[in-house]
Amino acid sequence: MPPSQCVEHHGVKRMYYMSLAFAGDSHAADMQAHLDMERYLKESGLAYMILRERIYSESYPLYFGFWNATEREDEVLVPNDIPHWMLEEPHQQLNSRRRRDRRETGPRHRAHLV
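In terms of full-length UniProt numbering, the sequence shown has 95 at position 95, counting the first letter as 1, and numbering is strictly consecutive.
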C-alpha cells in the first residue's frame, strides 16, 4: 500500500520520516524514493519531521563492494566515489567531474581493513 493510502487509512496525524542526508541532486533510485516521500509529506498537510541521517550502519556493504566478512581478506575493492579517509593513499583526490558524471565509473581503489 502506498504511504499516502496508509496515512489516510490509519488516520495518521503526525509523521516522523527517516531520510538520508545526501539528498541534493542525486539520481540514485533509493535517494529519489526518499525525495518523493519528503515531497509527499510537505504537500500532505500533515504535521511532519524529516530526519536526514548521514549513513545507515546497515548500508556498509554498499561502500565495500558487497564485501563478505566471512571470507576475511586484507583488501577490499571499493568504488571510486568513496570517502577520502578510506583510500590507501589519503592524499589521492577523486576527480569531482567524474563523481558528477555517473556514466563514467572511474578506477577502483584499494582500502585496507584494520
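Virtual Cβ for every residue (Gly too), placed ideally from N, Cα, C.
Treat the numbers as computed from the prediction; the structure is a model and nothing was measured.
Identified DSSP bridge partners for residue i
i, result
"Met49", "Tyr16"
Beta-carbon contacts of residue i that lie in its chain and below 8 Å, excluding the five residues immediately before and after
i, result
"Leu46", "Val7, Val12, Lys13, Arg14, Met15"
Residue of the options minimising C-alpha distance to residue i
i, options, result
"Met18", "His34, Arg39, Ser44, Thr70", "His34"
"Arg52", "Met37, Glu43, Thr70", "Met37"
"Gln5", "Ser44, Gln32, Asp25", "Ser44"
Exposure of residue i, with buried meaning 16 or more beta-carbon neighbours within 10 Å
i, result
"Leu41", "buried"
"Leu20", "buried"
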